[in-house]
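Participant: This is the structure I have questions about; it appears just below.
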Amino acid sequence: MQSRIWKQASVKLIPSAIFIIGGALIASHYSKLAHRTLHSRLISLGGDLIFILFALIFLHILTRVIRRIITGERLGQGRAASLQFILRLIGYLVIFLATLNFLNVPLGKLLLGGAVLGVILGVAAQQALANFFASIILIISHPFSVGDQVVITAGALGGQHKGIIKDIGLTHTKIKEEDGDYILLPNAAILSGAAIRKIKRVVKKDESTPASK
19 MQSRIWKQAS
29 VKLIPSAIFI
39 IGGALIASHY
49 SKLAHRTLHS
59 RLISLGGDLI
69 FILFALIFLH
79 ILTRVIRRII
89 TGERLGQGRA
99 ASLQFILRLI
109 GYLVIFLATL
119 NFLNVPLGKL
129 LLGGAVLGVI
139 LGVAAQQALA
149 NFFASIILII
159 SHPFSVGDQV
169 VITAGALGGQ
179 HKGIIKDIGL
189 THTKIKEEDG
199 DYILLPNAAI
209 LSGAAIRKIK
219 RVVKKDESTP
229 ASK
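Per the numbering used here, the very first residue in the sequence shown carries number 19; after that it's consecutive.
So, in structure tokens, the structure goes:
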């Protein structure tokens, strides 16, 4: 299954990678000429546009394939969406910095200004960021999966919660409790002070979370 998905994606990934390399070489070469004419500037700009366009195409195809594969492994739509979102953020940052380098923009001052802005935004959105980074750690450490029946105990969560993990999102984990009610638990609270006990895995087709478009 995975090999077939990668084979289908490689039809688009390989040509995109060739255009990315070509655009990067053109932009890098013509942006570093000692005497730049209007002609060389236009060629360099064309290389930048080719690099950006096909880098974005490559990134979106690659992350979509990764999401399909990990969703197929029953890691859940929320966890798959979280990983896709994180990979795309990293990809956008790499593309942005590479483009600035081709345009001969000094990255030192830009990174310094970005760091100051990041600190300000981090303080303003501390709780949201805590839940977001907790979701990343939950993806990596994998203490439970969608379909696991668990008991989560923590004072910060209001006591004990027993039920089936239905989804793991960017900020919250969704649990179907024994009485049939659904509850959303903050990922930061689960990670920081919760005792997690897995009982068994329960996955039913009629209860699985529908795939998001």
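We put the beta carbon where it would ideally sit given N, CA and C, even for glycine.
Figure out for me which residue from Gln26, Ser163, Val169 has the closest Cα to the Cα of Ile79.
Facilitator: When each option's Cα is compared against that of Ile79, the closest is Gln26.
Participant: Quick check: the Cα distance between Thr191 and Ser100, rounded to an integer number of angstroms?
Facilitator: Between Thr191 and Ser100, the C-alpha separation is close to 12 Å.
Participant: In the DSSP assignment, what residue or residues form a beta bridge with Arg215?
Facilitator: Answer by DSSP bridge pairing, in chain order: Val169.
Participant: So, with DSSP's three-state summary, where would you put Ser187?
Facilitator: According to the sequence displayed, residue 187 carries Gly and not Ser. Note: Gly187 maps to coil in three-state DSSP.
Participant: Quickly, what does DSSP pair Ile201 with across the bridge? List them, please.
Facilitator: Partner(s): Ile193.
Participant: Would you grab the beta carbon distance between Val168 and Arg215 for me? Rounded to a whole angstrom, and I think it's under 8 Å.
Facilitator: The pair is a contact, with the Cβ atoms about 6 Å apart (cut-off 8 Å).
Participant: Exposed or buried, which one is Gly41 when buried takes at least 16 other CB atoms within 10 Å?
Facilitator: Buried, by the Cβ-count rule.
Participant: Here's the rule: buried if 16 or more other CB atoms are within 10 angstroms of the residue's CB, otherwise exposed. What is Ser21?
Facilitator: Exposed, since its Cβ has fewer than 16 Cβ neighbours within 10 Å.
Participant: For Thr81 versus Leu105, is the C-beta distance shorter than 7 Å?
Facilitator: Yes, these two residues count as a Cβ contact at 7 Å.
Participant: Which of helix, strand or coil does DSSP assign to Lys30?
Facilitator: Lys30: helix per DSSP, three-state reduction.
Participant: Tell me the rounded alpha-carbon separation between Leu43 and His57.
Facilitator: Near 16 Å, if we compare the C-alpha coordinates of His57 and Leu43.
Participant: Please report the distance separating the alpha-carbon of Val83 from that of Gly109.
Facilitator: Looking at the two C-alpha atoms, the distance is approximately 15 Å.
Participant: Please report the distance separating the alpha-carbon of Lys50 from that of Phe76.
Facilitator: Each residue's alpha carbon lies about 26 Å from the other.
Participant: Would a C-beta distance cut-off of 7 Å place Leu188 and Phe162 closer than the cut-off?
Facilitator: Not a contact, by the Cβ cut-off of 7 Å.
Participant: Cutting at 6 Å between CB atoms, please list the residues of its own chain near Arg85, excluding the five before and the five after it.
Facilitator: Result list for Arg85: Ala98, Gln102, in chain order.
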